[in-house]
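Notes follow the structure.
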Amino acid sequence: MKVIKNIALVSMVFLTSLSACKKNYLDIVPDNLPTLDNSFTSRVEAEKFLFTCYSFLPREGNPDSNPGFNAGDELWFYKDPIFDFFRIDPYLIARGRQNKSAPYMNYWGENSGTGSVSAFDGRSLWQGIRDCNIMLENIDRVNDLQPLLRDRWIAEVKFLKAYYHWYLFRMYGPIPVIDENLPVSADPEAVKIKRQPVDSVVNYITKLIDEAVVGDEFTGLPSRILNQADELGRITKVAALSIKAKVLVTAASPMFNGNTDFRNLRNKDGEILFNQTYDPKKWTRATEACRVAVDAAGAAGVRLYTFPAGTVTGQTPEITTEMSIRNAVAQKWNTELIWGSTSREDGNAAPSYWLQLFACPQLEPAIYKEELKGQLAPTFKMAELFYTKNGVPIEEDDTWDYANRFKPKATPANSPYLIPDYQTAGLHFDREPRFYADMAFDGAKWYMKSNTSVLAPFAIRSKALENSGKKNTRLYSITGYYTKKVVNWNLTASAAGITVESYPWPIMRLADLMLLYAEALNESGNGTAALPILNEIRSRAGLGTVESSWGTYAKAQFKNKYSTVEGLRDIIRRERGIELAFEANRFWDLRRWKTAAATLNNPIYTWNISRDNFTDYNQRIIDFNQTFVAPRDYLWPISDRELQINSNLVQNTGW
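Structure, rendered in structure tokens:
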């Protein structure tokens, strides 16, 4: 592979005059910069620079910074939530308004000639890569830095450098590889570098991660964080290996493995940027990376989270299962978390703070709190994605009333999930525990720690003018569904105010890694080995095995679905969509599987939320006809300005 040695923000430099681009010019590393010299005079100062390298990590737990939340079809907002959502860029992508003049969620660079970096919510990750290179090139100047700590910091920075390349790769596809910074004396033409082919980028990312994980507990990355008071959120060996596994599974997937849709995406010298021939060995490589990561996680004590018995008085099996599902995400630093984002949010809010407020509806009938917005609304697609109580898809279950799923039904008197003696849609009956743990709807129960009893949870009534429903032109769910999963069960609302227990957003948790492993095994022709992995996750969710569920409850044509590569692929993908629902993974999965064009060209449906009675409310209506243009929308556009600055860059296909 040809390694490019260049500046980090290569496409943002050498404009016509220095005065016109002072901010950009600093991205070439000048000699004898006082700030840079001071940064490596001592261990204390160098540690500050290490944290600067960390500071470029995207705010993964904020739906305004992470396009995975609401730039696809998983979560939806009402037409213009600008009054309550600071910047709604991801949502505008979902509505087909992405553009190349000022791209939304631009993590490449600037959007205008004003020098305003990342004006549309992204923050240039090339700057982060630049600072990582500065750290690696200067760390030996720190005289009072112990060798073991030096080795750990180098490993952390190498991983961060790999992760920033990975983040850009996932968005833009083939990107430049920035191995080193250049001094200010570099030739202007030398900084106009081209994009590297997909396989070269992937190999570079994994090479950096391999270098980062070399060594034992004392000479590199730790397997787990021991100093939890000061270091939670720092990179561990398990986190690095898990990200490597995700990189290689992505590289083996249809988007990046023999994708002929991008056959015309070439550098100006004719170099093809997307490999054109499917390579099954990529799945073999991905499988091994997943195995190594899973083994490392197990050795470090990472395990699927389960809600401890006896945590609350009168704890029922249903509460145990529900809270095992919810707390696997929303319980801070739980046993399943491999790597959590601790990046502060707008207004210096703690991680996941805004996410919870935008997800949680009004719960207390006697207390209306405007902070609880309830706008982060799951879509009908997601409501229909979850299994029945028998652990199979609603359209494949021979015992479930699929034809009448939108008609209202009377709820029983003793359901653990539904308000008694109420009416709600048939879609909400006899579903799997993850459906009730992850979502809420008109007629649902919502258990929180503040409830006086497990038998007295909050009741969701979301028809017009009801407690959780639409009361005015803002602060409501456009679909009639609410994202329960991301709300920590310690959130409270009282006359005195709102108390939110924040938690690190799970960039990677064990269930995600296990599902990647199952997928890689199946694609490598070893579906039999994938089944126990799926079944372990399903067991935590209160479901039977894949074999018993399909064999017992599926329609005749689906009973042996799991016995073929194609059938098990469908099961694994659906299992992934359910288990990781509302965690910002579906957006990327649909792209790497190349199924986004089929999935995102469909209407977004809602309940008739402006109605105040059962009959009228339970009408499915169209809010928006979503469109996805393939292959264009599989990748982000590079802004026109970047292409003008760097004449060697080529635009992504369709843009």
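Going left to right, the sequence shown walks through residues -22 to -1, 1 to 633 as mature numbering (1 follows the signal peptide of the UniProt record, and there is no 0) numbers them. Note that CB positions come from ideal geometry on N, CA and C, so glycine has one too. Every value quoted in this text rests on a predicted model; they were computed, and no experiment measured them.
query	result
Rounded C-alpha distance that separates alanine 532 from glutamine 309	34 angstroms
Host alpha helix (DSSP H) of asparagine 500 (start-end)	488 to 501
Glycine 276 classed as buried or exposed, judged by whether at least 16 other C-beta atoms fall within 10 angstroms	exposed
CB-CB length for threonine 184 against proline 200, believed under 8 angstroms	About 21 angstroms; that fails the 8 angstroms criterion.
Among Ile515, Ala519, Val524, Ser517, the one whose alpha carbon lies nearest that of threonine 506	Val524
Chain-order list of residues whose beta-carbon lies under 7 angstroms from that of tryptophan 633 (same chain, five-residue window excluded)	Lys78, Arg610, Pro615
Proximal residues to tyrosine 380 (C-beta, below 8 angstroms), its chain only, five neighbours per side dropped	Ile372, Glu373
Beta-carbon contacts of asparagine 626 that lie in its chain and below 6 angstroms, excluding the five residues immediately before and after	Lys170, Lys172
Opening and closing residue of the beta strand (DSSP E) in which tryptophan 104 lies	Here tryptophan 104 belongs to no beta strand (DSSP E); instead the alpha helix (DSSP H) covers 103 to 116.
Continuous beta strand (DSSP E) stretch holding aspartate 601: start and end	598 to 603
Contact between the region 584 to 597 and the region 559 to 574 (3+ Cβ pairs under 8 angstroms)	no
DSSP-derived helix/strand/coil call for leucine 335	helix
Rounded Cβ spacing between glycine 39 and proline 329 (contact assumed at less than 8 angstroms)	5 angstroms
Cα-Cα separation between residue 641 and glycine 248, rounded to whole angstroms	As displayed, the chain neither begins before -22 nor continues past 633, which places residue 641 out of reach and without an answer.
Candidates Leu219, Glu342, Asn596, of which the one nearest lysine 136 by Cα	Leu219
Candidates Ser455, Ile132, Ala473, Val478, of which the one nearest asparagine 466 by Cα	Val478
Contact check, tyrosine 460 vs alanine 418, beta carbons under 8 angstroms	yes
Range of the contiguous beta strand (DSSP E) that encloses alanine 471	470 to 472
N- and C-terminal bounds of the alpha helix (DSSP H) containing lysine 387	No alpha helix (DSSP H) contains lysine 387, which is instead part of the beta strand (DSSP E) from 386 to 388.
Beta-bridge pairing of tryptophan 54 - partner residues as DSSP gives them	Ala355
In DSSP terms, what tryptophan 317 is bridged to	Met486
Distance CB(phenylalanine 606)-CB(asparagine 630) smaller than 8 angstroms	no
Helix, strand or coil at aspartate 420 according to DSSP, with G and I counted as helix	coil
Runs of beta strand (DSSP E) lying entirely within the region 233 to 277, each at least 3 residues, in chain order	none
contact_flag[the region 508 to 518, the region 541 to 559] where n(CB pairs < 8 angstroms) is 3 or more	yes
Buried or exposed (CB count within 10 angstroms, at least 16 for buried), valine 192	exposed
Segments of 4+ residues assigned as alpha helix (DSSP H) that fall wholly inside the region 361 to 440	411 to 416
Status (buried if at least 16 other CB within 10 Å, exposed otherwise) for threonine 402	buried
Length of the line joining the Cα atoms of residue 708 and isoleucine 71	For the chain, the structure presents residues -22 to 633; residue 708 sits outside this window and is missing.
Element boundaries [alpha helix (DSSP H), containing residue 638]	The first residue shown for the chain is -22 and the last is 633, placing residue 638 beyond what the model contains.
Contacts around alanine 217, its chain only, beta-carbon distance under 7 angstroms, and the 5 residues preceding and following it disregarded	Ile316, Trp317, Met486
Length of the line joining the Cα atoms of arginine 452 and glutamine 124	56 angstroms
Distance, aspartate 208 Cα to proline 232 Cα	41 angstroms
Residue range of the beta strand (DSSP E) that includes isoleucine 221	Isoleucine 221 -> not in any beta strand (DSSP E); alpha helix (DSSP H) instead, spanning 215 to 230.
Own chain residues within Cβ distance below 8 angstroms of valine 179, not counting five before or after	His143, Phe147, Pro152, Ile153, Val155
Close beta carbons around glutamine 622, own chain, < 6 angstroms, minus the five adjacent residues each side	none
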